[in-house]
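Per this note's numbering, the very first residue in the sequence shown carries number 6; after that it's consecutive. Just so it is clear, CB atoms sit at the ideal spot from N, CA and C, and this is done for glycine as well. Here's the structure, in structure tokens; my notes come after.
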Amino acid sequence: MNQTCNHYTFGESELAARRLAYLAAAYERPTRGFLCAWGAVPCEHAIDLGCGPAYTTLLVQSTLQPQYVTGIDASEQLLAQARANAPDAAFVRHDITRAPFPCPSADLLFCRFLLTHLHDPGIALRAWAEAANPGARLLIQETASLTSDDPIIHRYYQLVEVLQSGYGQALDVGADLDRHVEANGWRILSSELKLVEQAPNIMARLHAMNIRTWRQDAMAQQSFDPEEIAMVQSGLDRIAASDGKARPVRSVLRQLVATTRP
């Protein structure tokens with residue numbers, strides 16, 4: 006089955022895809038460091054879970070150099086871009102919460118900012134265990150917290166938290182990730198929190214692109230005052246156009262490494 010029942014609030018439009026490019030640039034360094042630190046194991050096949058336009062796929066290829074990589078995503082629009090961006094990788098449309106996967110089992114599985122969009126991370130983690138070879142590694146980067154001293158950015162995070170919770174999702178899924186992983190077929194090798202400070206204008210640019218997408222969401226329209234959404238969007242645009250010298254946004258990442266249970 007290749008259709009997902011999970012609701013991706015941030016969309017699949019051209020604007021959403023451009024936002025993913027900015028996100029990839031903002032988090033390229035910590036992700037590359039994480040992969041280099043924990044992915045250096047013999048790896049014939051790696052799977053990039055929720056690969057989107059393949060920015061993470063390219064990182065997996067360049068840092069781990071597996072013999073081959075498969076990117077899996079539910080969006081055909083994003084996969085079309087992925088195939089253009091990473092022509093040496095294979096890509097399949099499939100719901101990453103449903104086993105079996107339409108590809109060989111893997112020695113390494115990687116995901117970044119994916120479990121935050123799922124209403125039941127445990128279902129996905131069990132499916133990933135079925136797709137893993139004995140002794141395979143699972144590397145996960147997820148948000149544990151996002152905080153800002155700027156009232157507009159702070160309010161944006163509150164709104165996103167409410168919107169995602171309406172779909173049974175958690176913006177800060179990384180805060181409680183260990184429990185989900187250990188209960189669903191994996192043994193944790195490492196679980197650390199990493200602070201990544203981001204310039205407020207960079208994050209505001211990302212968030213302004215996001216809000217233009219999710220403000221059209223039915224739950225957002227039911228839950229929020231449109232005048233407030235317009236005010237937050239305008240404020241994000243203003244911050245995005247600034248010099249970025251204000252205090253940084255504090256992004257705390259959960260960096261978790263697990264292996265299959267015997």
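Output needed for residue 17: all residues of its chain with C-beta closer than 7 Å, excluding positions within five of it in sequence on either side, in chain order.
80, 82 and 83
Following the continuous beta strand (DSSP E) through residue 141, name the residue where it begins and the one where it ends.
137-152
Can you give the beta carbon distance from residue 205 to residue 240, rounded, assuming they're within the 8 Å contact cut?
In fact, because the Cβ distance is near 11 Å, the residues do not count as touching under 8 Å.
By the 10 Å Cβ neighbour count, where 16 or more other Cβ atoms means buried, how is residue 179 classified, buried or exposed?
buried
Cα-Cα separation, residue 76 to residue 110
13 Å
Looking at the structure shown, is residue 112 part of a helix, part of a strand, or coil, going by DSSP?
strand
Going by beta carbon distance, what residues of the same chain come within less than 7 Å of residue 187, once the five residues before and after it are set aside?
193
Determine, using beta-carbon pairs with one atom in the stretch 43-58 and one in the stretch 107-124, whether at least three such pairs fall under 8 Å.
yes
Start and end residues, alpha helix (DSSP H) containing residue 159:
156-171
Should residue 159 go down as buried or exposed, given a rule of 16 or more other Cβ atoms within 10 Å for buried?
exposed
Opposing strand residues paired with residue 203 [DSSP bridges]:
254
Segment contact, 8 Å Cβ cut-off, at least three pairs: the stretch 161-177 with the stretch 52-65:
no
In or out: residue 236 buried (at least 16 other Cβ within 10 Å) or exposed?
exposed
Is the stretch 89-97 close to the stretch 118-133, with three or more CB pairs under 8 Å?
no
Is the stretch 144-156 close to the stretch 257-264, with three or more CB pairs under 8 Å?
yes
Exposed unless 16 or more other CB atoms sit within 10 angstroms - verdict on residue 66
buried
Expected contact under 8 Å - CB spacing of residue 104 and residue 141 to nearest Å
Going by Cβ atoms, the distance from residue 104 to residue 141 rounds to 14 Å, so no, they are not a contact pair.
Selection from 155, 69, 209 and 124 that minimises the alpha carbon distance to residue 168
124
Residue span of the beta strand (DSSP E) that contains residue 50, given as start and end:
50-54
C-alpha gap between residue 138 and residue 155, whole angstroms
45 Å
Residue 3 - DSSP class collapsed to helix/strand/coil:
What the structure shows of the chain is the stretch from 6 to 267, and residue 3 is not part of that stretch, so it cannot be assessed.
Tell me whether residue 264 sits in a helix, a strand or coil according to DSSP, three-state version.
strand
Proximity to residue 257 [Cα-Cα], best of 198, 61 and 238:
198
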